[in-house]
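Engineer:
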Amino acid sequence: MIKENKKQVEKITSGLNTLLSNYQIYYQNLRGLHWLVKGERFFVLHEKYEQWYTEAAETIDEIAERILMLQGTPLHGFDDYLSESEIEPVKGIKDGKQGVSVVLNNSRQLLERMRIVMEDAGEAGDEGTSDLLSGLISNTEKRIWMLNSFLG
Ligand SMILES: [Fe+2]
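Numbering-wise, this note's numbering puts 40 at position 40 of the sequence shown, and it's gapless, one number per residue.
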C-alpha cells in the first residue's frame, strides 16, 4: 500500500475522480452512439460501441473501488460527473465516421488524464494505482490505434 502522505494521496484520489467522471461521460456518449448509429457500417459500429461501453462500465467500477482503497469517496452523482468531466457529452450523432471521431477524441482525453494520475502515483509510490493505470493506458493506446486505422 501507499506510503502515507496525505497530500499526495488526496492528489491521486482527486485525479482518479476526474478520470472517473471522464469515464462516465465517455460511457454515456458510447451508449448514445450505439443507439443512434445509422448507415452501412451499422452492424460493425453498433456492436463495437457496445463492447467499448461494457469495458468502460467495468473500468468505472475499478477506478471507484481504487478511490475507496485510498480512503477517498468516489463521485457518484450525474451532477458531479458533468461538472468534473473534461470530456464533453455529445448528442444526436448518427454518422459512423463522426461517431468514431468522438470515441477517438474522448479516448485521447482519457489517456491524457491517466498519464497525469500515473505520474502522481509514481511520485507517491502508489503501486496499486500505477498498476491499474498501466493496464488502462495500454488498452486505451490500443483502442486509439484501432480508431485511427478505422478513420484511415
Ligand atoms: Fe444494445
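Even for Gly, the Cβ is constructed at its ideal location relative to N, Cα and C.
(1) Any heavy atom of ligand 1 closer than 7 Å to the Cβ of H76?
(2) Measuring only from the beta carbon, is E50 closer than 7 Å to any heavy atom that is part of ligand 1?
(3) Alpha carbon to alpha carbon, how far is K97 from Q24?
(4) Can V37 and A124 be called in contact, C-beta distance under 8 Å?
Structural biologist: With the structure as the only source:
(1) Residue mapping note: residue 76 aligns to position 76 of the sequence shown, counting from 1. No, the Cβ of H76 stays beyond 7 Å of every heavy atom of ligand 1.
(2) Position 50 of the sequence shown holds residue 50. Checking every heavy atom of ligand 1 against the Cβ of E50, one is found closer than 7 Å.
(3) The residue you call residue 97 lines up with position 97 of the sequence shown. The residue you call residue 24 lines up with position 24 of the sequence shown. Here the C-alpha atom of K97 lies approximately 22 Å from the C-alpha atom of Q24.
(4) By 1-based counting over the sequence shown, the position of residue 37 is 37. By 1-based counting over the sequence shown, the position of residue 124 is 124. In this structure, A124 does not lie closer than 8 Å to V37 by Cβ.
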